Amino acid sequence: MLKASKPTYATFGATTPAVHPRRAASWFSQIFLTWCTPLVHLEHVLNIDDIWLLEDVNTAETNTKRFRAAFERSKSVDRACVDVYGAWFALAGLLGLLLRLLDLVGPIVLQKIVESTGGGDTTVIYRWLALLLAAKVSRSILWSHMVMLEDVLGIRFVGALKGALFQRLVSKATVQPEEVPDLANVYSADMDSLLWASVSLNNLWILPTQIIVVAYLLYEELGVASFAGLGMLVLSLILGGYVSTIQSRAFDEVSTARDERMQAVKETFGSILIVKLHAWEQKCRDKIQALRDIEMGHIWTLMFSGAISIFYLWAAPLFVSMASFATFTVVLGLPLTASKVFTSLALFRLLQEPMREIPDNITAVVEARVSLGRIQSFLTQADQPTRPVPATASALSASELLGMRQRKGFMKLFRKYCSSKKSPIDWKVVNPPPVDMVINSSSVEACPNDASLKHELLDKLVILKLNGGLGTTMGCQGPKSAIEVRQDLSFLDLTVRLNDGCSRSMLW
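Quick note on my numbering: the sequence shown kicks off at 18 and runs consecutively.
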């Protein structure tokens with residue numbers, strides 16, 4: 018996703034960035050996409066040097082800036098996506114609608130040709146065939162441009178979301194509550210759902226429009242008998258909506274179960290030393306396996322509902338045509354002509370694809386809605402509360418002044434210990450810690466409502482008893498001194514050194 022050219026030595030000066038072939042292409046090349054032929058004609062596996070650099074409008078940097086600006090205004094992922102990419106998705110939808118309407122030229126031309134075969138001027142047949150050829154060529158060109166536009170919009174959309182998530186991760190320290198999804202799952206599974214939904218979103222209104230137009234043409238051919246087929250069509254759509262609801266609920270449960278399983282795996286590998294020390298491998302394995310079994314149960318429900326959806330979607334056009342022809346011949350008692358049969362079958366075949374795609378598109382949009390909600394929860398999570406700024410000396414109370422003197426006394430004694438010749442620690446200079454690094458235990462107990470901050474403080478601070486009784490630490494009275502521990506091995510090494518030095522004679 019980088020827009021920078023290949024790095025070169027600055028000695029030879031800056032290189033001129035290459036112009037994208039699409040920008041330098043003529044109008045003929047733009048229409049027929051011939052500017053892509055140099056890349057297609059390569060006879061070897063594509064290398065990184067063969068790939069063209071992205072245009073600025075397609076880079077993750079540009080799209081992330083636009084998305085972040087829209088998100089800061091609306092505080093909603095849905096609104097931000099509509100503000101940034103709504104017009105382009107609408108254009109892709111118009112191209113898709115035009116493609117669906119061009120598909121209707123085939124049945125109309127078929128009807129006219131069958132009616133003209135009985136006799137008459139053959140010039141009419143050639144005119145209809147020329148119209149069919151022009152419609153097919155136009156459809157192929159429009160289809161290529163629509164697919165390219167949808168793919169480019171998918172790159173921009175996903176690049177903007179990933180960039181926003183990454184900036185949120187590295188820009189500010191955030192609280193990680195349990196309801197926030199795992200970022201690894203958002204980057205993988207949720208982005209795939211969004212890519213699928215970016216193509217399926219416009220089909221939610223294009224396919225019903227195509228169904229209505231085809232139903233009107235069927236009524237012109239079969240009359241009242243077409244309503245029998247339309248009744249079967251409505252019944253299949255109702256069943257498809259119910260199955261899509263089951264699929265969306267199962268997908269949500271699969272996503273939640275995957276997050277819980279990945280969290281357990283991360284906790285296990287993050288504490289692998291403790292797991293090995295206490296021989297908890299089997300317990301951790303049983304826990305992960307139990308979470309995996311729950312996830313597989315939800316996956317089975319998702320796959321089973323998908324199989325049911327595929328079965329009735331492929332069988333529905335057959336039932337629709339059977340109901341229409343039976344009503345036309347048996348109930349109405351009308352004869353079926355070759356023109357009506359071929360035209361009706363062609364129209365019913367056009368109904369097969371939208372009927373098969375509508376439930377899948379509904380499922381894709383519902384799953385994308387769940388994924389956008391997970392991204393919304395990650396982008397809008399609360400910032401970690403900052404530590405309070407230390408008060409000035411003039412505003413300190415008597416107890417706080419006493420605590421400052423005790424900390425200074427402790428650092429004085431600790432310097433003597435570190436600078437003694439018998440000390441195992443070879444430190445040239447021992448700098449005192451910052452004031453905000455030494456935290457009183459009451460400050461931890463004073464934040465019961467902020468469990469995440471309290472948990473972080475308890476994780477980072479360890480109370481060590483250096484020497485003396487419960488009320489004294491190396492001659493300092495009051496609360497025990499807190500030192501920061503970043504690694505378990507460093508903590509063990511420091512503990513051994515302190516225990517070794519506690520028995521040494523110190524010069525006070």
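Just so you know, even glycine gets a beta-carbon here, dropped at the ideal spot from N, CA and C. Since we're looking at a predicted model, the values are computed, not measured.
- Query: Nearest-angstrom Cα distance between Leu114 and Ile223?
  - Reply: Looking at the two C-alpha atoms, the distance is approximately 6 Å.
- Select from Phe427, Ala385 and His37 the residue whose C-alpha is nearest the C-alpha of Trp213. When the alpha-carbon of Trp213 is set against those of Phe427, Ala385 and His37, the nearest one is in Ala385.
- 8 Å CB neighbourhood of Arg309 in its chain, flanking five on each side removed: Spatial neighbours of Arg309 in its own chain (CB-CB distance under 8 Å, excluding positions within 5 residues in sequence) are listed in chain order as Arg278.
- Message: I believe Ala232 touches Thr81 by the beta-carbon criterion, under 8 Å. Please report the beta-carbon distance rounded to the nearest angstrom.
- Response: Contact annotation, Ala232 with Thr81: C-beta distance approximately 44 Å; criterion of less than 8 Å not satisfied.
- Query: Looking at the structure shown, is Pro352 part of a helix, part of a strand, or coil, going by DSSP?
  - Reply: Here Pro352 sits in coil by DSSP.
- Task: Would you kindly work out how many angstroms separate the C-alpha atoms of Arg302 and Gly123, rounded to a whole number?
- Result: C-alpha of Arg302 to C-alpha of Gly123: approximately 60 Å in a straight line.
- Task: Report the rounded CA-to-CA distance for Leu234 versus Val382, giving the unit in angstroms.
- Result: Spanning the alpha carbons of Leu234 and Val382 requires a straight line of approximately 29 Å.
- Item | Neighbourhood of Pro376 by C-beta distance below 6 Å, restricted to the same chain and skipping five residues each side | The answer, listed in chain order, is Gly257, Ser261 and Ser326.
- Cβ contact check for the region 243–256 and the region 419–430: 3 or more pairs under 8 Å: Verdict: no, contact absent.
- Message: Below 8 Å, how does it come out for the region 60–76 and the region 36–44: are there three or more Cβ pairs, yes or no?
- Response: With three or more CB-CB distances shorter than 8 Å, the region 60–76 counts as touching the region 36–44.
- Cα-Cα separation between Leu127 and Phe328, rounded to whole angstroms: Near 30 Å, if we compare the C-alpha coordinates of Phe328 and Leu127.
- Query: On the three-state DSSP scale, how would you describe Val282?
  - Reply: Collapsing the DSSP output to three states places Val282 in a helix.
- Cβ-based burial, Ser414 [other Cβ within 10 Å; buried from 16]: With fewer than 16 other Cβ atoms from the protein chains shown falling within 10 Å of its own Cβ, Ser414 counts as exposed.
- Task: Could you please give the first and the last residue of the uninterrupted alpha helix (DSSP H) stretch that includes Lys300?
- Result: Looking at the DSSP string, the run of the alpha helix (DSSP H) that includes Lys300 is Glu298 to Ala343.
- Task: Alpha carbon to alpha carbon, how far is Val175 from Asp168? Give it in angstroms, no decimals.
- Result: Asp168 and Val175 have their C-alpha atoms some 11 Å from each other.
- Should Ile48 and Ile158 be called a contact, given that it needs their Cβ atoms to be closer than 8 Å? In this structure, Ile48 sits near Ile158, with a CB-CB distance shorter than 8 Å.
- Message: Assuming Leu211 is part of the alpha helix (DSSP H), what are its boundary residues?
- Response: Note, Leu211: alpha helix (DSSP H), Met208 to Ser217.
- Message: Between the region 340–351 and the region 268–287, can you find at least three pairs of beta-carbon atoms closer than 8 Å?
- Response: Fewer than three beta-carbon pairs drawn from the region 268–287 and the region 340–351 are found closer than 8 Å, and the two stretches are therefore not classed as touching.
- Message: Between Arg373, Leu364, Thr397 and Thr380, which has its C-alpha nearest Leu121's C-alpha?
- Response: That would be Leu364, whose Cα lies nearest to the Cα of Leu121.
- Message: Taking its Cβ as the centre, do 16 or more other Cβ atoms sit within 10 Å of Thr76, making it buried, or is it exposed?
- Response: Only buried fits Thr76, as 16 or more other CB atoms lie within 10 angstroms of its CB.
- Query: Hey, Ala332 and Met372 are a contact pair by Cβ (cut 8 Å); roughly how many whole angstroms apart?
  - Reply: Ala332 to Met372, Cβ: 10 Å. No contact.
- Hey, quick one: how far does the alpha helix (DSSP H) through Leu70 stretch, first residue to last? It is not in any alpha helix (DSSP H) - Leu70 carries neither H nor E in the DSSP assignment.
- Message: Between Asp207 and Ile392, how many whole angstroms is the CB-CB distance? I'm expecting something under 8 Å.
- Response: A Cβ-Cβ separation of about 7 Å places Asp207 in contact with Ile392 under the 8 Å criterion.
- Query: At least one CB of chain E closer than 8 Å to the CB of Val164: is that the case?
  - Reply: The question asks about chain E, but that chain is absent: this structure has only one protein chain.
- Message: Using a 10 Å radius around the Cβ and a threshold of 16 neighbouring Cβ atoms, would you call Asp95 buried or exposed?
- Response: Burial state of Asp95 is exposed, judged by a 10 Å Cβ sphere holding fewer than 16 other Cβ atoms.
- Item | Cβ neighbour criterion (16 or more within 10 Å) applied to Arg173 | Around the beta carbon of Arg173, 16 or more other beta carbons lie within 10 angstroms, which makes this residue buried.
- Query: By Cβ distance, which residues of its chain are closer than 6 Å to Thr318, with the 5 residues on each side in sequence left out?
  - Reply: Excluding sequence neighbours, Thr318 sits near Ala267.
- Figure out for me which residue from Ser388, Ala147 and Lys425 has the closest Cα to the Cα of Lys179. Check the Cα spacing between Lys179 and each of Ser388, Ala147 and Lys425: the tightest is with Ser388.
- With DSSP as the reference, label Thr360 as helix, strand or coil. Thr360: helix per DSSP, three-state reduction.
- Query: Below 8 Å between beta carbons: does that hold for Gln227 and Ser322?
  - Reply: Contact flag unset, no.
- Query: Around the Cβ of Ile291, are there at least 16 other Cβ atoms within 10 angstroms (buried) or fewer (exposed)?
  - Reply: That one is exposed.
- Task: Can you have a look at Glu237 and say buried or exposed, based on whether 16 or more other CB atoms are within 10 angstroms of its CB?
- Result: The residue in question, Glu237, is exposed, as its Cβ has fewer than 16 Cβ neighbours within 10 Å.
- Whose CA, out of Ala42, Val154, Gln306 and Arg366, lies closest to the CA of Leu543? Absent from the model: residue 543. The displayed extent of the chain is 18 to 525, so no value can be given.
- Query: What is the DSSP secondary structure of His162, counted as helix, strand or coil?
  - Reply: Annotated three-state conformation of His162 is helix, per DSSP.
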